[in-house]
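Residues 1 to 872 in full-length UniProt numbering are what the sequence shown lists, from first letter to last.
For every residue, glycine included, the Cβ atom is placed at its ideal position computed from N, Cα and C.
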Amino acid sequence: MPPTSTLSKALLKNTSTPKLAWHLFKRILSSPTTTTSQRHLPVQAIPTIARILVRAKMVSEIDQLHQLLLYQHPETSHSCIVSLIRILAQSGLLDEAVSYLKSLRTHFPLSPPSIYLYNVLLECCIRENRVEHVSWLYKDMIAAGVAPETYTFNLLIRALCDSGNVNDARELFDKMCEKGCRPNEYSFGILIRGYCRMGLASRGLEILDEMNRLGFMRNRVVYNTLISSFCREGKSDEAEKLVETMKEDGLSPDIVTFNSRISALCSAGKILEASRIFRDMQIDEYFGLPRPNVVTYNLMLEGFSNEGMLEEAKTLVDSMKKNGDFINLESYNVWMLGLVRNGKLLEARTVLKDMVDRGIEPNIYSYNIVIYGLCKNGLLSDARMLIGLMIGSGISPDTVTYSTLIHGYCSKGKVFDANHILHEMVRSGRFPNTYTCNILLHNLWKKGKTSEAEELLKKMNERGYGLDIVTCNIVVDALCKSGKLDKAIEIVRGMWIHGSAALGDLGNSFIGLVDDSNTGRKCTPDLVTYSTIVNGLCKVGKLDEAKKMFVEMMGKGLQPDSIIYDTFVHTFCKEGKLSSAFRVLKDMEKKGCDKTIQTYNSLMLGLGNKNQVFEIYGLMDEMKERGVSPNVWTYNNMISSLCKGGRINDATSILDDMVQNGIYPNISSFRTLVSAFCEAGDFGVAKEVFEIALSICGHNEALYSFMFNELLDGGEVSEAKELLEVALHRSFYLGNFLYKNLIDKLCKDEKLEDASGILRKMIDKGYGFDPVSFMPVIDGLGKNGNKHEADELAEKMMEMTSEDRVTNVVYKNSIKTIDNKHKKHGGSDWQTIVHRDDGSGVALKALKRVQKGWGQGSISSLQPQKNEFLDY
């Protein structure tokens, strides 16, 4: 057998050919050993071969190595397996490491592992967030009679804090002395950090005081942790007191202290307080405050940008350039991201160019920021062009780049193009992650492509993509919107036991085979899941079931937020159950959930339906007191309520309030007012409101069609006719105009020339419309003896029927297909027209006379003309 150094060298030489290295090691390990010294030779080579196998992901060979080591000499076997377990744990193969530890404990019950191995395993489990192994390791350590060290307790306390069980961590901290271990300053620091992460900085402060009483030195790290936590919680006074206490302890606040305070304040949106500290750092040299560094500048720049304070951000950038601080890549990226988030795409692209001009090479993150902004604003071709430039500069698109582009195409409804990008992504060697697949999954269901969505879900599962809570929520939402609420509820309840595997046939068909230790078990329902279910049940009127799901959610430890409460408030108000809505409000306030703009809008809707206008004004006053800004729907609810109560003039004054508050009325605002004035017979004012609407909302088809229908219904025929002519001139879609009623009315008023003129204008403009509209005009012309014109119109009517143009509306040279909800006049043929009651016998005689002249039998037998544009 070769010496240990020779064996290790031979293995290292074959690192690039791991199978050869494995065969070499296995052959040597299997050789007969005769001396005690030779039995120890493989021990030194175990780390080398283990790392080679781990790097090559040779799982079955690792298992073979474990089996071979079990049957070596006991002394050699034990130490070799311990070495293997340590390597596996440090490489992230924790399941294998724990499994081999269990095997070791079975084969060598009298030779427990050292505390060092347990500490390594615990540390690796915490780092990989595999908390499920921590409890077993601790219990096994105690069962094996291995005494934990202070370092062991620190690891366990950290694991409990990281999992949110800070009270259990405190209990374990108190038991350290019982186990013969004294806490050190790190023990206190870990516990303080745990309380701060849970938003309990005051409890952390108590630990700091306890630390002082027990004679432990308090360090800057602990102080900085508490100071930043108090700032995040909005307790600036406590943070300032801690800074003074820190000084009393002989610890000068350093740049980390100030950066922690600024970071926490900016994250909490308290940019003005952060600015004050930043200013003091720049000018207050007398008290020895640290000068701002690049991190400080970047924090302030990000804070200004996030709050939309671009003028202040621009001033800071100029100051940084002047001082020579705006020279690193991170500063440029922070500034670009701020510009993109505030819709300043052109400026962001200028910054990108400026980077290159100054010799600072943009990284993939720099390009992804601008690509994100372009895609968000629908500038997909520009995003593609920028990706080309990025590739040209030697930077390959990553998964984020492609995912952003896919999201951009999906948001524009171009799922086919998004799928093409997905294939391009795979071809370039960049494989999609769960986020990418979730984007496609959401949009496939949104477009009603159920089978494609289910197929994608199966592929995600087959190819090992983690089906996370977002995936599950997408599926639950899709099922609710498609009316499959029972299936959605079944999945949600199954998620508590089986995690993402509860998707069943949509995800993992073998749900019964899922191991409880599967990582999918972590994928449990969250507040979004239950909000989706509750919203779906409320929409279909299943309030009792919605309440049951709400109670179930509370029982699972999920605290409701304003969104889920708003769902109940809106549903009760919509159904006129105001007392129930106000009971929900009381519970909402007890749980500490603030009323949102949606809450107030729902209440106003309910009160308006009950004509309780005075209470609505009271809600508006309450909104002002609480700092909740009304939106357009708030004002629309008020306008609607006032109009229903006959206070139209008061409703009109609401428009002025809206504009003064910077909120512009929408079409719904004007529809309500126009309808109210028309109903009151005040058509003059209605037309004035209509003109205002046009100036604010633009010449919109919805406004014209609504005004036309109101005028016609109110008997203002001539005004309605003028409005229709304007609509024809603007080539509006006529599906929502009651033009047939206008033609009937004109014919009854013996204004045949006006009625005929409208028909001819519609024909000249290339409109396709219901041929039956001709009937009253043909009838009137026939009765007046105008046989020639009647026959001419009858012939035109049959032409339109034969060409099957009813289903198309022509806008000049383009054709727009009407969807099914607008096909209320479609499908008229000869038999249909003949059996209609729209015309008298005179009109029918004209039709038959024209048909006979054609000599081609039934009109319905004529084939529609081929339309090459539509076929293409």
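(request) Could you name the residues of the same chain whose beta carbon sits closer than 7 Å to that of Tyr138, not counting the 5 residues immediately before and after it, in chain order? (result) Leu156
(request) Look at Thr225 and Arg193 and say whether their C-beta atoms are less than 8 Å apart. (result) yes
(request) Scan the region 251-315 and note each continuous alpha helix (DSSP H) run of 4 residues or more that stays entirely inside, going in chain order. (result) 255-267, 271-283, 294-306
(message) Let me check understanding here. Comparing Cα to Cα, which of Glu178, Asn342, Asp354, Ile563 lies closest to Tyr332?
(response) Asp354
(message) For the structure I just gave you, are there three or more beta carbon pairs, one from the region 629-640 and one from the region 668-681, closer than 8 Å?
(response) yes
(message) Suppose you measure from the CA of Asp621 to the CA of Pro630; what does that come to, to the nearest Å?
(response) 11 Å
(message) Taking its Cβ as the centre, do 16 or more other Cβ atoms sit within 10 Å of Leu110, making it buried, or is it exposed?
(response) exposed
(request) For Leu467, name the three-state secondary structure that DSSP assigns. (result) coil
(message) For Asn438, count the other beta carbons within 10 Å of its own beta carbon; 16 or more makes it buried, fewer makes it exposed. Which is it?
(response) buried
(request) Kindly indicate which three-state DSSP category Leu20 falls into: helix, strand or coil? (result) helix
(message) Could you compute how far the alpha carbon of Leu214 sits from the alpha carbon of Pro183?
(response) 10 Å
(request) Go through its chain and collect everything with a Cβ distance to Ile469's Cβ below 7 Å, but skip five positions before and after it. (result) Cys523, Asp526
(request) Mind reading off the beta-carbon distance from Met281 to Arg291? Whole number of angstroms is fine, and I expect it under 8 Å. (result) 6 Å
(request) Pull up the distance between the alpha-carbon of Asn419 and that of Met198, whole angstroms please. (result) 42 Å
(request) Could you tell me the distance, in whole angstroms, from the CA atom of Leu503 to the CA atom of Arg232? (result) 38 Å
(request) Note down the Cα distance separating Ile654 from Arg671, rounded to an integer number of angstroms. (result) 14 Å
(message) Among Leu728, His729, Phe708, whose alpha-carbon lies nearest the alpha-carbon of Glu719?
(response) Phe708
(request) Give me the Cα-Cα distance between Lys19 and His73, rounded to the nearest whole angstrom. (result) 25 Å
(request) Thinking Asp398 and Ile364 are a contact (beta carbons under 8 Å), I'd like their distance in whole angstroms, please. (result) 6 Å
(message) Let's test the definition: count the other Cβ atoms within 10 Å of the Cβ of Tyr297 and tell me whether it reaches 16, buried, or not, exposed.
(response) buried
(request) Could you round the C-beta distance between residue 949 and Leu456 to whole angstroms and report it? I think they count as a contact, below 8 Å. (result) Lying outside 1 to 872, the shown extent of the chain, residue 949 is not represented and no answer is given.
(request) Mind checking which residues open and close the alpha helix (DSSP H) that includes Leu728? (result) 717-729
(message) Rounding to the nearest angstrom, what Cα-Cα distance links Glu330 and Leu345 in this structure?
(response) 18 Å
(request) Enumerate in chain order the residues of its own chain whose CB-to-CB distance from Arg220 is below 6 Å, with the five nearest sequence positions on each side excluded. (result) Leu251
(request) Any chance you could list the alpha helix (DSSP H) runs of at least 4 consecutive residues sitting entirely within the region 632-717, in chain order? (result) 632-644, 648-660, 667-679, 683-697, 701-713
(message) According to DSSP, simplified to helix, strand and coil, what is Cys196?
(response) helix
(request) Would you identify the three-state DSSP class for Cys124, choosing helix, strand or coil? (result) helix
(message) Excluding the 5 residues flanking Ile262 on each side, which residues of the same chain have their C-beta closer than 8 Å to its C-beta?
(response) Ala274, Ile277, Phe278, Thr296, Leu299, Met300, Gly303
(message) Please return the same chain residues whose Cβ sits closer than 6 Å to the Cβ of Asn212, not counting the five positions on each side in sequence.
(response) none
(message) Could you compute how far the alpha carbon of Asp779 sits from the alpha carbon of Lys721?
(response) 20 Å
(request) Note down, in chain order, each residue of its chain lying with its Cβ closer than 8 Å to the Cβ of Asp594, except the 5 sequence neighbours on either side. (result) Ser562, Arg626
(message) Suppose only complete runs of 4+ residues qualify. What are the alpha helix (DSSP H) ranges in the region 130-165, listed by chain order?
(response) 131-143, 150-162
(request) Taking all protein chains shown into account, decide if Val59 is buried (16 or more other Cβ within 10 angstroms of its Cβ) or exposed. (result) exposed
(message) Using a Cβ-Cβ cutoff of less than 6 Å, which residues in the same chain neighbour Arg86 once the five nearest sequence positions on both sides are dropped?
(response) Val120
(request) Have a look at Lys449 and Ser500 and give me their C-alpha separation to the nearest angstrom. (result) 22 Å
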